[in-house]
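Residue numbers (this note's numbering): 2 to 400.
In what follows, a single structure is set out as structure tokens and then discussed.
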């Protein structure tokens, strides 16, 4: 449900504000999204009633009613936001009528959707199962009998298909020498995606910059730019880009999560903690978010609370080596050598090719006066080209 509902957040342009940037996150929307994802629809609706001024809260509430075949309530809600987000509302009403099997009404509302710039793609529309109910009707055939997309748009769609099917180089050839007018930002976004797929990061960045120059509010372009900057470890730039995503794609909780991560990587741990705490208010049991908080607490040297959260994670999931490594690293810093070596051992049980872990485990054994085990661990690390382990072997484990 969470993934399905997220698509309605892609076109909104509302002021979202952060701590130093005066943005406010749509917490009620996110909490409702969490409940809907858990199929706790009654709680989701209660939460959505707290943000009725937000058209995307209304849209989510309508979708819940639609999924439960409460067509009258859903239709009234969709119509109530037509003046605020017409393109999305028209499309949703078309889906509703298709789900009811009313082809004439569905295609009429879909026609309204196509009056706006950048309508849903043909692939996205036909993949919606609701339209299966009317796919054999004359109204549906007549609707698609008319040319709905320009030749330029169809070429962009073809390029997108090529990238998604693993033929990025063909997409580059298709797009390179073409001009697409007002859709040029999509050309550059797709070129960037194709180059990114082929690991030509420099070309990917050049093209995504061109895309954003032409359309600074393109969520897709900004998200790709963020990924490229993260790949380049240009964390300050990535933070600036993610701030734009928080502003223009405010109802996508991924951006809030990413803000916590990028603040941590930039060394802004207090700011990172504020963002991740907000995220966890809405998604309290998401492992990735809890782990992110643990990393922030650890960076802040708040080892007590970091261990409390890590213990909960490990109780929930014992198959993630990173959880054991981080807990071991904290024990290592605290010089709790036995606890640290036990956790390093658990991590190696999950994945045995970790030279840094073997090296640290050797240090734990050494500090616990077990030189034989220390040398054995360092030998394993040295076999995996760990330089520090080689030095320790030479210093403490000679004949």
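Glycine included, every Cβ here is placed at the ideal spot set by N, Cα and C.
Computed from a prediction, not measured in an experiment: that's the story for all the values here.
Can you give me the C-alpha to C-alpha distance between residue i and residue j, rounded to a whole angstrom?
i: residue 382; j: residue 358; result: 8 Å
i: residue 165; j: residue 245; result: 26 Å
i: residue 265; j: residue 297; result: 6 Å
i: residue 211; j: residue 25; result: 29 Å
i: residue 375; j: residue 399; result: 13 Å
i: residue 364; j: residue 320; result: 24 Å
i: residue 88; j: residue 336; result: 60 Å
i: residue 232; j: residue 369; result: 40 Å
i: residue 179; j: residue 83; result: 36 Å
i: residue 96; j: residue 107; result: 7 Å
i: residue 175; j: residue 156; result: 8 Å
i: residue 380; j: residue 395; result: 10 Å
i: residue 194; j: residue 67; result: 35 Å
i: residue 289; j: residue 318; result: 12 Å
i: residue 161; j: residue 150; result: 15 Å
i: residue 74; j: residue 184; result: 37 Å
i: residue 387; j: residue 126; result: 53 Å
i: residue 239; j: residue 209; result: 13 Å
Quick one: what's got a C-beta closer than 7 Å to residue i's C-beta in the same chain, skipping five residues either side?
i: residue 355; result: 348, 349
i: residue 282; result: 28
i: residue 55; result: 27, 30
i: residue 72; result: 97, 101
i: residue 276; result: 257, 260, 261, 264
If I measure Cβ to Cβ from residue i and keep anything under 6 Å in the same chain, skipping five residues before and after, which residues do I get?
i: residue 385; result: 356
i: residue 199; result: 169
i: residue 93; result: 79
i: residue 295; result: 307, 310, 311
i: residue 131; result: 96, 99, 100
Assuming residue i contacts residue j under a Cβ cut-off of 8 Å, what Cβ separation, rounded to an integer in Å, is found between them?
i: residue 70; j: residue 99; result: Their Cβ separation, rounded to whole angstroms, is 13 Å, which puts residue 70 and residue 99 out of contact at 8 Å.
i: residue 33; j: residue 58; result: 7 Å
i: residue 279; j: residue 28; result: 7 Å
i: residue 47; j: residue 62; result: Not really, about 10 Å apart at Cβ, beyond 8 Å.
Can you find the residues in the same chain that come closer than 8 Å, C-beta to C-beta, to residue i, ignoring five residues on each side of it along the sequence?
i: residue 213; result: 186, 219, 222, 223, 226
i: residue 342; result: 329, 362, 365, 366, 369
i: residue 333; result: 341, 361, 364, 365
Does residue i come within less than 9 Å of chain D when only Cβ atoms are used?
i: residue 148; result: Protein chains in the displayed structure number just one, and chain D is not present.
| field | In chain order, each alpha helix (DSSP H) run of at least 4 residues that lies wholly inside the segment 54 to 83 | value | Segments of the alpha helix (DSSP H) lying fully in the segment 54 to 83: 56 to 68, 72 to 81.
| task | Return the chain-ordered ranges of every alpha helix (DSSP H) run that is complete within the segment 189 to 236 and spans a minimum of 4 residues. | result | Complete alpha helix (DSSP H) runs here, min 4: 202 to 215, 220 to 232.
| request: Counting only runs of 4+ residues fully inside the segment 246 to 311, write out the alpha helix (DSSP H) ranges in chain order. | output: Segments of the alpha helix (DSSP H) lying fully in the segment 246 to 311: 254 to 266, 270 to 283, 288 to 300.
| Where are the alpha helix (DSSP H) runs, 4 residues long or more, that stay fully inside the segment 337 to 389, in chain order? | Fully enclosed alpha helix (DSSP H) runs of 4 or longer: 338 to 351, 356 to 368, 372 to 384.
| Which ranges would you report for the alpha helix (DSSP H) in the segment 30 to 57 if only whole runs of at least 4 residues count? | Listed in chain order, the alpha helix (DSSP H) elements of length 4 or more contained wholly in the segment 30 to 57 are 42 to 49.
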